[in-house]
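Numbering (our numbering), first residue to last: 167 to 355.
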């Protein structure tokens, strides 16, 4: 039963299908706050579960289910916690974003991206919502009124315009910073 549940939840988590229709014990469904250590263990287990899972869409064999269970238990998690976390990740944008940050390489030391604080990431994400709303939708250069609205959005976020621009430039070349900004955006939603 547990191996079947882990396979079903893993398959749903792998495909990104929401698990709201999956019947699960009440203890698994209830909301929980997960630590970074739990998320890291989950990420490690999920990588190994994916490697053991069938790739052709068929149900896992008994051997594959055993390998998936061993991967979960080898990560230091029990199957119930893994399943609860898989269910939570499939429906919680913030948990998915936290996992994405963990799965990206660190920003190079001394780079602008590495120096962005969590507060600045939140300010930048908030400002970008307003900047996008003020920007022209046809790809043209912003007019004076739009530029003023965009600059006001940046100022209202608490970031200096120069710092905002430095972060905006760093985003393009830094996967970790993009993941951190996505997390800040998810937390702000």
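Note that the Cβ used here is the ideal one computed from N, Cα and C, for glycine as well.
Given a cut-off of 7 Å on the beta-carbon distance, is the pair residue i and residue j in contact?
i: residue 234; j: residue 215; result: yes
i: residue 291; j: residue 339; result: no
i: residue 333; j: residue 282; result: yes
i: residue 350; j: residue 343; result: no
i: residue 312; j: residue 300; result: yes
i: residue 217; j: residue 230; result: no
i: residue 209; j: residue 251; result: no
i: residue 297; j: residue 280; result: no
Could you name the residues of the same chain whose beta carbon sits closer than 8 Å to that of residue i, not counting the 5 residues immediately before and after it, in chain order?
i: residue 341; result: 270 and 271
i: residue 227; result: 220
i: residue 308; result: 300, 301, 302 and 316
Taking the alpha carbon of residue i as the reference point, which residue from the options has its own alpha carbon closest?
i: residue 293; options: 253, 274, 331 and 249; result: 331
i: residue 352; options: 213, 252, 263 and 217; result: 263
i: residue 346; options: 260, 250 and 217; result: 260
i: residue 323; options: 348, 241, 288 and 309; result: 288
i: residue 278; options: 206, 217 and 329; result: 329
i: residue 285; options: 220, 268, 325 and 302; result: 325
i: residue 241; options: 320, 314 and 203; result: 203
i: residue 258; options: 200, 306 and 321; result: 200
i: residue 236; options: 213, 222, 253 and 224; result: 213
Between which two residues does the alpha helix (DSSP H) carrying residue i extend?
i: residue 282; result: From DSSP, residue 282 is part of no alpha helix (DSSP H); its letter is neither H nor E.
i: residue 331; result: 327-339
i: residue 202; result: 202-218
i: residue 240; result: 228-240
i: residue 309; result: Residue 309 -> no alpha helix (DSSP H), and no H or E assigned at all.
i: residue 243; result: That residue, residue 243, is in no alpha helix (DSSP H); it is neither H nor E in DSSP.
i: residue 263; result: 259-268
Looking only at its chain, what residues have a beta carbon closer than 6 Å to the beta carbon of residue i, apart from the 5 residues adjacent to it on each side?
i: residue 187; result: The pLDDT assigned to residue 187 is 34, lower than 50, so where the model puts this residue is not dependable; a value taken from the coordinates is nonetheless given after this. Excluding residues within five positions, none has a Cβ falling inside 6 Å.
i: residue 238; result: 211, 245 and 248
i: residue 348; result: 263
i: residue 327; result: 320
Closer than 7 Å by C-beta to residue i: which residues in its own chain qualify, once you throw out the five before and the five after it? Chain order, please.
i: residue 206; result: 268
With hydrogens ignored, establish whether the beta-carbon of residue i is closer than 6 Å to any heavy atom of the ligand SAH.
i: residue 288; result: Looking for the ligand SAH in the displayed structure turns up nothing, as the structure carries no ligands at all.
At the 7 Å Cβ level, is residue i part of the contact set with chain C, yes or no?
i: residue 294; result: Included in the structure is just one protein chain, with no chain C present.
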